[in-house]
Every structure is written in structure tokens, then in C-alpha cells.
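>
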Amino acid sequence: MNVNYAESQSYKPLIARKYLWLFLGRIMPLLSLIIITVIYSRQLSYDDYGTFQSVWMYANIVNVIISFGFSSVILSTNLSFFFIFLKTNRRFITRFYIALWISGLTIFFFFAKNFNTNIKFLLIAFIIIQNIITVAETLLIKRRREKISFVINFFYSLLFFGWHLFILFSHYSLANLIAGISIISILKLVAILLVTVINEKYEPVADEKDFMKHWGYLGMNEVLSVISKWIDKVFLLYLLTTSEFAVFFNGAFEIPLFGLLISVAGSLMLIEFSGNIQLKDKILGLFRESFSMLSAIVFPLFFFLFFFRNDIFSVVFKDKYNASIPIFAISIFILPLQINNYSVILQCFSQGKKIMAGSIIDIVIALILMISLYPLMGSRGIVLSIVISTYCQALYYLWHSAKILNINFFRLFPLQKLVVKFLILLILYFIIFLLLRDSLIMMRLLIAAVFTTALVVAGMWSYFKTFFKKNYGHVS
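Add 7 to a position in the sequence shown, counting from 1, and you land on the number used in the working numbering.
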């Protein structure tokens, strides 16, 4: 198996063409939420802001649990086969998901903290709507309607953002906020369902018994993954006051951009891999290229956030959340790892059991470290535990992905290129940090932000210059 430079170059137009529309479609709602987070953290009291953020925490956790891998199965499977499988096994699948929805939402109702009964019912309705939207939007993307998905998400984001501002500056009410977002989400669902689509040709991809097992493993992995993602915040939500939780949340806040980059890259690779399961050269080439592309975005942003974290918190949160900075300084060390979807090869080859094992390893290591480090370091120990356990999980996935492709572990990623890029950026940002040390805070941030933007644009230009050409990238 040989992935040379010329082959690597051939994947850039494919990644650019697919990635841009997927990314733009998903970044709009998240960008709105980031701006809303900043505005709400400034305007709301610590208690109200902590409750507001716990809404999204519970919604994310419950939504993933009751969907149980449905979207991931759609992305990694031939649709015609999938629909025939659903029809053949509709009784079992329907009963399973009804039981899962009832049990998951009931547990949420009785154990969710900080909400009254009215809020809980509204949240349940919102979670159900979001669950259906997730499946509908995944089908739209699987059918290669990325541009339409972008248009729908663009208008959804405008309404989503506008409603948050209206609620905040009229008379803040969490109940009215959730009710309005639910109505806007229903409009989005209707727009998705009105899109005309064509299914793929039927292609048998697995024995039904094996496929059911694969679905089960994927579902369990997604449940375990969302638990590992939020375990630090759930752990502290029941130990800290709402105000203290708000301070921790802003320090450990996972900037959605980075998760989105991985999600879009994973979706792209799953769609491509599922149609080229026998072409291991192409799978390896795309996987390696994803490291190169995402590192061009993530590495500069990581150094910007690390070296200028004090200035960022001072300006963005008006010194209100300076107590969150030590937590943030540890939590962002997870960013250099977020340059690929590490389980995508295993998922493509129906290795759900290994994916689930990686999630269990992540959770077990995180829990052991949290119990050990919390008495010594407090909230910082909780964040450090998550960072360490995530690195261990990524190494586990890479090791088994290399075995699946029957290649050397270090062939999976362009290690030398990544290390050189990381060290050069470290030196550059350290020099800039020293040069700007005595400048005014706004001047420091402006120069650093412009420099970071220039680096990201330069790094991405080799990918997206093909997008702006008349005949951009046709890769068979």
C-alpha cells in the first residue's frame, strides 16, 4: 500500500468540494450558539447562566442516548439496504426505540437538576424534535444534498439567534426560550422533509445478523462517547452550586468549532469509505489527508487560545469569568488531538466492538483519574482527567485501525509533517507573545487574531482554491 504525494494531492479537490458545504451547513447553528453563549454569560446572573448551559448539556446527552446510533448507521450503510433492513425488522426496531425513548426521557424527568416540571416537559418535547431532525438531516447529507442542507441551516440559524436575543432583551424566560426554539426546529424539519431525494441503488453490505450487531455496537459507542464527553460536567453539576458550575463550564467549555470539524470530516469519510470499502489505498489516503487539513486549522487556533487566554477572557467575558482561566488552560490541551475522527476506519469496517471498547477505556480512565485528582487539584483535576483519557482512547483507535488496514501504525498519519508544523507554530506564537507583551490588550488580541487567520487561510488555500475554479475537483 503506497500513499505518495501525488495521490495525496488528488484527494484535496474531493475533500474541498464535499467538506465546505458540510462545514458551512453545520457551522451556522454552532456559531450562533457561541455568540449567544458569550452574550448570555455577560447578561445573565451566574445561577441563570448555569441553568441555561445545563439545558444544552442534558439535551445533548439524552438526544444521543435515545437515538442509539441511528444516524451513524445511516452514514456508514447503503441506504437501499438500510431501508430494506428496517422494513424486514420494523417490529423489533420500533419496539426497541419506543422502550428506549420512554425509559430515557423518564429518567431525565426524574433526575434532571435545576428545572421545574414545566421546563422538563418543554425540554422533553425539544429533545424529541431534535432527535427526529438529526435523522432527517443525516439522510439529506447521505443523499449528497449538502448545499440544500446549508441553506436550511442558514435560515434556521438566523431564527435561532434572533429568538435568543428577543427573549434576553424583552423579559428573560427559560420556558419561553425552549418553546420558541422548539417551534423554529419544527419549521426546519418541515423544510428538510420537503426536499426531493433519490435513493442509492441496492448494494448488500452485510449479513443481517452481523449488521444488527454492528448497529448495537455503534449505538452503545455513541452512548458511551456522550457520557465520556459530558462526564466531567455531570460529575460537578451534582457537587457544585449553580454559580460554581457556571464558572467551571466556561473554563471547560468545548468550543463547538473543533467538534464540528471532526464531525464533518467523519461524515465525509464515512460516505466515501462506505462506497469504496475494498479500496484501502483510498481509505488511507483520505484519512491521512484529514490530519493535514484539520491541523492547518486547529494548531494555529490552539496556540492563539493558549498564549492569549487571559486577554480573551478579559475581553469576551469582561473579567466576569477570570476564575475559569486555570481550567481553560488545561482543557484546551485536548485541541491538538482534534485533527481527525479516530474511529472512522473501525466504523467503516463494522468494528463496533472495538469502538465500544475504546469508549469504555476512555470512561474508566477518566473516572479513575477524576477520583484520584479531584481531592488534589479540584476542578482542574477533573479537566486534566478528561484530557488524558481522550489521548488514550485515540491511541487505541489508531492502533486497531492500523491492524485493520494491515499497515504500520505510523503509516496512518503524517507524523513528521505534524510535528514540524506544531513546533514551528509554537516558536512563532511564543515570539509574537513576547513582542506583544507590553502592548494594549485590544492591540495584542487584534494582531494575534489577524496572524492566526492568515495562517489558517494559508494552510487551507491548497484545499479550497480548487473550489473556486470553474472545474473544481472531480475525483472518481
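Glycine included, every Cβ here is placed at the ideal spot set by N, Cα and C. The model shown is predicted, which means the values in this text are computed figures rather than measured ones.
Using only the alpha-carbon positions, how far apart do TYR209 and LEU244 sit?
The residue labelled residue 209 in the question sits at position 202 within the sequence shown. The residue labelled residue 244 in the question sits at position 237 within the sequence shown. Residue confidence is low: TYR209 scores 46 on pLDDT, short of 50, so the model does not pin down where it sits. No coordinate-derived value is stated.
> For the putative contact between ILE4 and LEU147, defined by C-beta atoms under 8 Å, what is the C-beta separation to the nearest angstrom?
This structure does not reach residue 4, given that the chain is present from 8 up to 483, and the question cannot be answered.
> Given this structure, state the Cα-to-Cα distance separating LEU291 from PRO421, to the nearest angstrom.
Here residue 291 is taken as the residue at index 284 of the sequence shown, counted from 1. Here residue 421 is taken as the residue at index 414 of the sequence shown, counted from 1. If I take the Cα positions, the gap works out to 11 Å.
> So, with DSSP's three-state summary, where would you put VAL482?
Translated into the one-based positions of the sequence shown, residue 482 becomes position 475. Any reading at VAL482 must be qualified, since the residue scores a pLDDT of 37, below 50, and its modelled position is unreliable; the value itself is stated next. VAL482 falls in the coil class under three-state DSSP.
> Are ILE193 and ILE109 close, meaning C-beta to C-beta below 8 Å?
Walking along the sequence shown from the start, residue 193 turns up at place 186. Walking along the sequence shown from the start, residue 109 turns up at place 102. It is not a contact, given that the beta carbons lie outside the stated cut-off.
> Determine the DSSP secondary structure at TRP468, reduced to helix, strand or coil.
One-based indexing of the sequence shown puts residue 468 at position 461. Here TRP468 sits in helix by DSSP.
> Quick check on DSSP: helix, strand or coil for HIS221?
Sequence index remark: in the sequence shown, residue 221 carries index 214 (1-based). Three-state DSSP puts HIS221 in a helix.
> Just to confirm the assignment, what range does the alpha helix (DSSP H) spanning SER83 have?
Walking along the sequence shown from the start, residue 83 turns up at place 76. Looking at the DSSP string, SER83 is not in any alpha helix (DSSP H), and its letter there is neither H nor E.
> Could you give the DSSP three-state label for ASN317: helix, strand or coil?
Looking up residue 317 in the sequence shown gives position 310. Looking at ASN317 - three-state DSSP - the assignment turns out to be helix.
> Closer than 8 Å by C-beta to ALA336: which residues in its own chain qualify, once you throw out the five before and the five after it? Chain order, please.
Taking the sequence shown and counting its residues from 1, one reaches residue 336 at position 329. Counting only Cβ-Cβ distances below 8 Å, and skipping sequence neighbours, we find PHE313 and ARG316.
> Taking 8 Å as the threshold (beta carbon to beta carbon), is ILE393 in contact with chain C?
As a matter of chain content, chain C is missing from the structure shown, which is built from one protein chain.
> With a 10 Å radius around its C-beta and 16 neighbouring C-beta atoms as the bar for buried, classify ALA253 as buried or exposed.
In the sequence shown, the residue the question calls residue 253 occupies position 246. When all chains shown are included, ALA253 counts as buried.
> Whose C-beta lies closer than 6 Å to the C-beta of GLN60 among residues of the same chain, with five residues either side of it excluded?
Residue numbering aside, residue 60 sits at position 53 when the sequence shown is read from its first letter. Closer than 6 Å at Cβ, skipping near neighbours: PHE256.
> If we require 4 or more residues per run, which alpha helix (DSSP H) segments fall completely within the region 43-75?
Those alpha helix (DSSP H) runs which fall completely within the region 43-75 and span 4+ residues are 53-74.
> Between ILE135 and the ligand SAM, is there a pair consisting of the residue's CB and a ligand heavy atom that are separated by less than 7 Å?
Ligands in the displayed structure: none, and consequently the ligand SAM is not present.
> Going along the chain, which unbroken runs of the alpha helix (DSSP H) with 4 or more residues stay wholly within the region 122-178?
Correct list: 124-149 and 153-176.
> Would ILE370 and VAL233 qualify as a contact pair, given that the criterion is a beta-carbon distance under 8 Å?
Stepping through the sequence shown from its first residue, residue 370 is reached at position 363. Stepping through the sequence shown from its first residue, residue 233 is reached at position 226. No, they are not a contact pair.
> With a 10 Å radius around its C-beta and 16 neighbouring C-beta atoms as the bar for buried, classify GLN16 as buried or exposed.
Walking along the sequence shown from the start, residue 16 turns up at place 9. In this prediction, GLN16 has a pLDDT of 48, which is less than 50 and means its spatial position is unreliable; what the coordinates show is noted afterwards. Classification of GLN16: exposed, given that the 10 Å Cβ count is below 16.
> Starting from the N-terminal side, write out each stretch of the alpha helix (DSSP H) that is 4 residues or longer and does not extend beyond the region 382-465.
Those alpha helix (DSSP H) runs which fall completely within the region 382-465 and span 4+ residues are 386-412 and 422-442.
> Just to confirm before moving on: does the CB-CB distance between TYR163 and PRO36 stay below 8 Å?
For the purposes of this step, residue 163 is identified with residue 156 of the sequence shown, where counting begins at 1. For the purposes of this step, residue 36 is identified with residue 29 of the sequence shown, where counting begins at 1. Cβ atoms of TYR163 and PRO36: closer than 8 Å.
> Under 8 Å between the Cβ atoms of THR124 and SER74?
Counting from one through the sequence shown, the residue named residue 124 turns up at place 117. Counting from one through the sequence shown, the residue named residue 74 turns up at place 67. No. Outside cutoff.
> Within this structure, are the beta carbons of ILE126 and LEU181 separated by less than 8 Å?
One-based indexing of the sequence shown puts residue 126 at position 119. One-based indexing of the sequence shown puts residue 181 at position 174. Yes, they are a contact pair.
> Between MET64 and PHE116, what straight-line distance do the alpha-carbon atoms span, to the nearest angstrom?
Locating residue 64 in the sequence shown gives position 57, where the first residue counts as 1. Locating residue 116 in the sequence shown gives position 109, where the first residue counts as 1. Roughly 14 Å separates the two Cα atoms.
> Check whether the Cβ atoms of PHE133 and ILE91 lie closer than 8 Å to each other.
To locate residue 133, count along the sequence shown from 1; it is residue 126. To locate residue 91, count along the sequence shown from 1; it is residue 84. Taking 8 Å as the Cβ cut-off, PHE133 and ILE91 do not qualify as a contacting pair.
> I'd like the span of the alpha helix (DSSP H) that includes GLU251, first residue to last.
Start at 1 with the first residue of the sequence shown, and residue 251 comes out as number 244. Here the alpha helix (DSSP H) through GLU251 covers 249-258.
> Taking VAL394 as the reference, which of ALA465, LEU405, PHE260 and MET363 has the closest Cα?
Taking the first residue of the sequence shown as 1, we reach residue 394 at position 387. The residue with the shortest Cα to Cα distance from VAL394 is PHE260.
> On a CA-only basis, which of LYS428, LEU425, VAL427 and TYR403 is nearest PHE416? Give me that one, please.
Here residue 416 is taken as the residue at index 409 of the sequence shown, counted from 1. For PHE416, the nearest C-alpha among the options comes from TYR403.
> Roughly how many angstroms separate the alpha carbons of LEU342 and THR95, rounded to a whole number?
Along the sequence shown, one-based indexing puts residue 342 at 335. Along the sequence shown, one-based indexing puts residue 95 at 88. Looking at the two C-alpha atoms, the distance is approximately 43 Å.
> What is the DSSP secondary structure of GLN358, reduced to helix, strand or coil?
Here residue 358 is taken as the residue at index 351 of the sequence shown, counted from 1. Correct three-state label for GLN358: coil.
> Quick one: give me the first and last residue of the alpha helix (DSSP H) that ASN183 is part of.
By 1-based counting over the sequence shown, the position of residue 183 is 176. 181-200 is the span of the alpha helix (DSSP H), which, as asked, contains ASN183.
> When the Cα atoms are used, what is the spatial distance from SER87 to LYS327?
Counting from one through the sequence shown, the residue named residue 87 turns up at place 80. Counting from one through the sequence shown, the residue named residue 327 turns up at place 320. Rounded to whole angstroms, SER87 to LYS327 spans 53 Å at the Cα level.
> Under a three-way DSSP split, which group does ALA106 fall into?
Translated into the one-based positions of the sequence shown, residue 106 becomes position 99. The answer is helix: DSSP assigns ALA106 an H, G or I state.
> Quick one: give me the first and last residue of the alpha helix (DSSP H) that ILE346 is part of.
Looking up residue 346 in the sequence shown gives position 339. Taken as a continuous stretch (DSSP letters only), ILE346 belongs to no alpha helix (DSSP H), as it is neither H nor E.
> Can you tell me the Cα-Cα spacing of GLN423 and MET450, whole angstroms?
Counting from 1 along the sequence shown, the entry for residue 423 is found at position 416. Counting from 1 along the sequence shown, the entry for residue 450 is found at position 443. Straight-line Cα distance between these residues: approximately 35 Å.
> If we call anything under 8 Å between Cβ atoms a contact, is SER392 one with LEU376?
By one-based count along the sequence shown, residue 392 stands at place 385. By one-based count along the sequence shown, residue 376 stands at place 369. Yes. Within cutoff.
> Enumerate in chain order the residues of its own chain whose CB-to-CB distance from ASP448 is below 7 Å, with the five nearest sequence positions on each side excluded.
Your numbering for residue 448 matches position 441 in the sequence shown. The sequence given here places Ile at residue 448; Asp does not occur at that position. Excluding residues within five positions, the ones whose Cβ falls inside 7 Å are ASP318, SER321 and VAL322.
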